[in-house]
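Numbering of the sequence shown is given in the working numbering, commencing with residue 522 and proceeding in unit increments.
For each residue, glycine too, the CB sits at the ideal point set by N, CA and C.
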Amino acid sequence: MGAFMVLAVLVLLAVLFCLIYVSMRTARFPFVLRMTGGRKRVAVLISFAAYLAICILLYLTINAVNMVIVIVHFGGFWLLSELVFLIIRKSRGHAQAAAAHNGAASHSGIESTVNNGSASASGIAAAVHGGSASASGIAAAVHGGSASASGMAYALNTWLPGTCAIIFTIIYMTVAWYLCTHVWEKDYSFESDRLKGDLRIVQITDSHVGATFHAQRFHDYVLEINALRPDVVVVTGDFVDDDTSREDMIGSCEALGDLETTYGVYFSYGNHDKGYFSDEAKGWNNQDLCENLEKNGVTILQDESVLLDDRFYLIGRQDKSEEMRGGSRKTPQQLTESLDPDLYKIVMDHQPLEYDDEAEAGADLVLSGHTHGGQFFPFNQIGVLTRSYERSYGHERRGHTDFIVSSGIADWALIFKTGCKSEYVVVDIHGV
Ligand SMILES: [Fe+2]
Numbered sequence: 522m523g524a525f526m527v528l529a530v531l532v533l534l535a536v537l538f539c540l541i542y543v544s545m546r547t548a549r550f551p552f553v554l555r556m557t558g559g560r561k562r563v564a565v566l567i568s569f570a571a572y573l574a575i576c577i578l579l580y581l582t583i584n585a586v587n588m589v590i591v592i593v594h595f596g597g598f599w600l601l602s603e604l605v606f607l608i609i610r611k612s613r614g615h616a617q618a619a620a621a622h623n624g625a626a627s628h629s630g631i632e633s634t635v636n637n638g639s640a641s642a643s644g645i646a647a648a649v650h651g652g653s654a655s656a657s658g659i660a661a662a663v664h665g666g667s668a669s670a671s672g673m674a675y676a677l678n679t680w681l682p683g684t685c686a687i688i689f690t691i692i693y694m695t696v697a698w699y700l701c702t703h704v705w706e707k708d709y710s711f712e713s714d715r716l717k718g719d720l721r722i723v724q725i726t727d728s729h730v731g732a733t734f735h736a737q738r739f740h741d742y743v744l745e746i747n748a749l750r751p752d753v754v755v756v757t758g759d760f761v762d763d764d765t766s767r768e769d770m771i772g773s774c775e776a777l778g779d780l781e782t783t784y785g786v787y788f789s790y791g792n793h794d795k796g797y798f799s800d801e802a803k804g805w806n807n808q809d810l811c812e813n814l815e816k817n818g819v820t821i822l823q824d825e826s827v828l829l830d831d832r833f834y835l836i837g838r839q840d841k842s843e844e845m846r847g848g849s850r851k852t853p854q855q856l857t858e859s860l861d862p863d864l865y866k867i868v869m870d871h872q873p874l875e876y877d878d879e880a881e882a883g884a885d886l887v888l889s890g891h892t893h894g895g896q897f898f899p900f901n902q903i904g905v906l907t908r909s910y911e912r913s914y915g916h917e918r919r920g921h922t923d924f925i926v927s928s929g930i931a932d933w934a935l936i937f938k939t940g941c942k943s944e945y946v947v948v949d950i951h952g953v
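Written out as structure tokens, the structure reads:
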């Protein structure tokens, strides 16, 4: 709870900083200054009130966490925009200084010619007359140019960076919402001499049903997956979480029951499936989940393995979070030591951890989720850098083991993904 409070305070401070920063910058907009009669403090206060109203609107429509995500992105983009326009202003300033310097040099060159020239008096007079007309033309041009330059400098200094930040944030977050709330198929293909024949595995992970879709839409994805004719479907955790309603939990289990496969549907736990809050609040418990999964023909694997068609093993690991709940989980070695070493082994492990141990234990393919693909660019590698997990997304081969981390078919409370997109995974293994 201590760490949670620290995080909450940090997030609150970040939002407050963003709101104060964008309010101060918005107060420089000409129309805001006009509206407040040029009183800067009033302009800042009115801007802050307007942004606060937008925050409340976002909170009511897309929840507090997503509101924070939008505001922090907005503040970040505005800051970035200011930096870009600062560089533009500096480079324009250098260019104008260089132009003024060249103009002065040219002017002194003319004077020198006039003073040292050996032309006739009338010729000089004509030249001076023409020169004077030309000089007035130059003055007019300089005057017009300086008005235009000062107008641009004013825009660069006041409203242009903010306007760009507002437009960019709207486009960026709309794309992020689309990437999170729509689902793509992600394909992988490997070869193995430990498998007889071919095998098509479909992985569904991190559906957190109720977050970006409800049971009915999940059923639509099930129909899409059926069209792929999978041999086996694996659900690798965070199928549901604390925010999943009882109706969605039951409906999604029924949807899994409609999957058409050769070898069945298998389920391993994630860190959210058993929930963190009270069962009363969500209206169902882990036993209800197990009953509904089993009723719909889904096999739950908790540190267990099954041999399918004498061709390959499917091993479902207990989630790492079980240790925090006072439970335990077996090591990869314990899970594979009694299995035929010559047969292909697929491991379902919600969190991408212990890659070396899993490779050493003889796993051929390890399927994980949990990371949501790193969620946000450019922070999608933070989990790897802090060693919270082995990788945030994609495929890696270590030894003879293929590791896949999926970004998940949905998300939890968040409805934005910028470092990846939502997906289900199709793995084709081509055997001998
Ligand atoms: Fe997770």
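Whole-angstrom distance between leucine 677 and glycine 890, CA atom to CA atom:
For this step, residue 890 is matched to residue 369 along the sequence shown. For this step, residue 677 is matched to residue 156 along the sequence shown. Near 45 angstroms, if we compare the C-alpha coordinates of leucine 677 and glycine 890.
Spatially closest choice to histidine 594 from Thr757, Tyr693, Gly940, Asn806, by CA coordinates:
What you label residue 594 is simply residue 73 of the sequence shown in a count that begins at 1. Nearest option by C-alpha distance: Tyr693.
Asparagine 807 beta carbon near ligand 1 (any heavy atom closer than 7 angstroms)
Here residue 807 corresponds to residue number 286 of the sequence shown, with the count starting at 1. No, since every heavy atom of ligand 1 falls outside the 7 angstroms radius drawn around the Cβ of asparagine 807.
Look up glycine 672 in the DSSP assignment and say whether it is helix, strand or coil.
Looking up residue 672 in the sequence shown gives position 151. Helix at glycine 672.
Of the residues Gly683, Gly672, Asn806, the one placed nearest leucine 604, counting alpha carbons only:
Taking the sequence shown and counting its residues from 1, the one referred to as residue 604 is at position 83. Residue Gly683 is the option with its Cα nearest to leucine 604.
Whose C-beta lies closer than 8 angstroms to the C-beta of isoleucine 746 among residues of the same chain, with five residues either side of it excluded?
Walking along the sequence shown from the start, residue 746 turns up at place 225. Cβ within range, chain order: Val723, Ile725, Val754, Leu780, Tyr945.
Hey, is lysine 851's beta-carbon within less than 8 angstroms of any beta-carbon in chain B?
Given the protein chain composition of this structure (a single chain), no chain B is represented.
Just to confirm, does aspartate 752 get its C-beta within under 7 angstroms of one of the non-hydrogen atoms of ligand 1?
One-based indexing of the sequence shown puts residue 752 at position 231. Outside the cutoff, so no.
Do you know how far the Cα of leucine 601 is from the Cα of alanine 880?
Walking along the sequence shown from the start, residue 880 turns up at place 359. Walking along the sequence shown from the start, residue 601 turns up at place 80. Roughly 43 angstroms between the two C-alpha positions.
Under the DSSP definition of a beta bridge, which residues are partnered with arginine 606?
By one-based count along the sequence shown, residue 606 stands at place 85. The amino acid occupying residue 606 in the given sequence is phenylalanine; arginine does not appear at that position. Phenylalanine 606 is not bridged to any residue.
Is it the case that the CB of aspartate 759 approaches a heavy atom of ligand 1 more closely than 7 angstroms?
Sequence index remark: in the sequence shown, residue 759 carries index 238 (1-based). Correct: aspartate 759 has its Cβ closer than 7 angstroms to ligand 1.
Tell me whether the region 764-771 and the region 841-848 touch, counting them as touching only if at least three CB pairs, one residue from each stretch, are closer than 8 angstroms.
no
What separation, rounded to the nearest whole angstrom, lies between the Cα atoms of tyrosine 910 and glycine 597?
Working through the sequence shown from its first residue, we reach residue 910 at position 389. Working through the sequence shown from its first residue, we reach residue 597 at position 76. The alpha-carbon atoms of tyrosine 910 and glycine 597 are separated by roughly 27 angstroms.
Between Asp708, Leu888, Pro862, which has its C-alpha nearest methionine 869's C-alpha?
Translated into the one-based positions of the sequence shown, residue 869 becomes position 348. Taking only the C-alpha atoms, the option nearest methionine 869 is Leu888.
Given that a residue counts as buried once 16 or more other Cβ atoms are within 10 Å of its Cβ, and exposed if not, what is proline 873?
Here residue 873 refers to the residue found at position 352 when the sequence shown is read from its first residue. Looking at its Cβ environment, which holds 16 or more other Cβ atoms inside 10 Å, proline 873 is buried.
For alanine 884, count neighbouring C-beta atoms within 10 Å of its own C-beta (all shown protein chains included) and say buried if the count is 16 or more, exposed if not.
On the sequence shown, position 363 is the one that residue 884 refers to. So alanine 884 ends up on the buried side.
Near alanine 535, which residues of its chain fall below 6 angstroms by C-beta distance, leaving aside the five closest residues on each side in sequence?
In the sequence shown, the residue the question calls residue 535 occupies position 14. Cβ neighbours of alanine 535 beyond the five flanking positions: Val593.
With 16 other Cβ atoms within 10 Å as the buried cut-off, status of alanine 661:
To locate residue 661, count along the sequence shown from 1; it is residue 140. Residue placement at alanine 661 is flagged as unreliable, the pLDDT there being 45, under the threshold of 50; the coordinate-derived value follows with that caveat. Exposed: under 16 other Cβ atoms inside 10 Å.
Contacts around aspartate 861, its chain only, beta-carbon distance under 7 angstroms, and the 5 residues preceding and following it disregarded:
In the sequence shown, residue 861 corresponds to position 340, counting from 1. Closer than 7 angstroms at Cβ, skipping near neighbours: no residue.
Out of curiosity, what's the CA-to-CA distance linking methionine 770 and arginine 912?
Locating residue 770 in the sequence shown gives position 249, where the first residue counts as 1. Locating residue 912 in the sequence shown gives position 391, where the first residue counts as 1. Distance between the alpha carbons of methionine 770 and arginine 912: 29 angstroms.
I'd like the list of long-range same chain contacts for valine 635, defined as Cβ closer than 6 angstroms, with 5 residues on each side in sequence excluded.
Counted from its first residue, the sequence shown places residue 635 at position 114. In this prediction, valine 635 has a pLDDT of 42, which is less than 50 and means its spatial position is unreliable; nothing more can be read from the coordinates.
Verify whether the separation of the beta carbon atoms of proline 899 and glutamate 875 is less than 8 angstroms.
Counting from 1 along the sequence shown, the entry for residue 899 is found at position 378. Counting from 1 along the sequence shown, the entry for residue 875 is found at position 354. Not closer than 8 angstroms, so no.
Buried or exposed by the 16-neighbour rule on C-beta atoms within 10 Å, applied to asparagine 637:
Position 116 of the sequence shown, counted from the first residue, corresponds to residue 637. With a pLDDT of 47 at asparagine 637, under the threshold of 50, the modelled position of this residue cannot be trusted, and the question is left open.
Could you tell me the alpha carbon to alpha carbon distance between proline 551 and isoleucine 567, rounded to whole angstroms?
Residue 551 sits at position 30 when you count from the first residue of the sequence shown. Residue 567 sits at position 46 when you count from the first residue of the sequence shown. Computed Cα separation, rounded: 14 angstroms.
DSSP state of threonine 484 mapped onto helix, strand, coil:
Residue 484 is absent from the model: the chain starts at 522 and stops at 953.
Mind checking which residues open and close the beta strand (DSSP E) that includes glutamate 706?
Taking the first residue of the sequence shown as 1, we reach residue 706 at position 185. Where glutamate 706 is concerned, the enclosing beta strand (DSSP E) stretches over 704-712.
In this structure, does DSSP put methionine 845 in helix, strand or coil?
Translated into positions along the sequence shown, residue 845 becomes position 324. Note: methionine 845 maps to coil in three-state DSSP.
For tyrosine 834, which beta-bridge partners are listed by DSSP?
The sequence position of residue 834 within the sequence shown is 313, counting from 1. Leu828, Lys866.
Of all the alpha helix (DSSP H) runs that stay within the bounds of the region 561-621, which reach a length of 4 or more residues?
561-583
From the DSSP output, in three-state form, read off threonine 690 for me.
Walking along the sequence shown from the start, residue 690 turns up at place 169. Of the three classes helix, strand and coil, the one that applies to threonine 690 here is helix, per DSSP.
Any idea if threonine 783 is buried or exposed, counting beta-carbon neighbours within 10 angstroms, 16 or more meaning buried?
As a working note, residue 783 is residue 262 in the sequence shown. By the neighbour-count rule (16 or more Cβ atoms within 10 Å), threonine 783 is not buried but exposed.
Say the cut is 7 angstroms; is the CB of asparagine 792 nearer than that to a heavy atom of ligand 1?
Along the sequence shown, read from residue 1 onward, the residue named residue 792 stands at position 271. It does: the Cβ of asparagine 792 is within 7 angstroms (strictly closer) of some heavy atom of ligand 1.
What residues in its chain sit with their C-beta under 7 angstroms from that of valine 532, if we drop five residues either side in the sequence?
Here residue 532 refers to the residue found at position 11 of the sequence shown. Same-chain partners within the cutoff: Val589.
Can you say whether alanine 619 is buried or exposed, counting buried as having 16 or more other CB atoms within 10 angstroms of its CB?
Within the sequence shown, the letter at position 98 stands for residue 619. The residue is exposed, with fewer than 16 neighbouring Cβ atoms inside 10 Å.
Does the Cβ-Cβ distance between histidine 893 and aspartate 863 come in under 8 angstroms?
Position 372 of the sequence shown holds residue 893. Position 342 of the sequence shown holds residue 863. Contact flag unset, no.
For tyrosine 699, three-class secondary structure by DSSP
As a working note, residue 699 is residue 178 in the sequence shown. Residue state, collapsed to three classes: helix.
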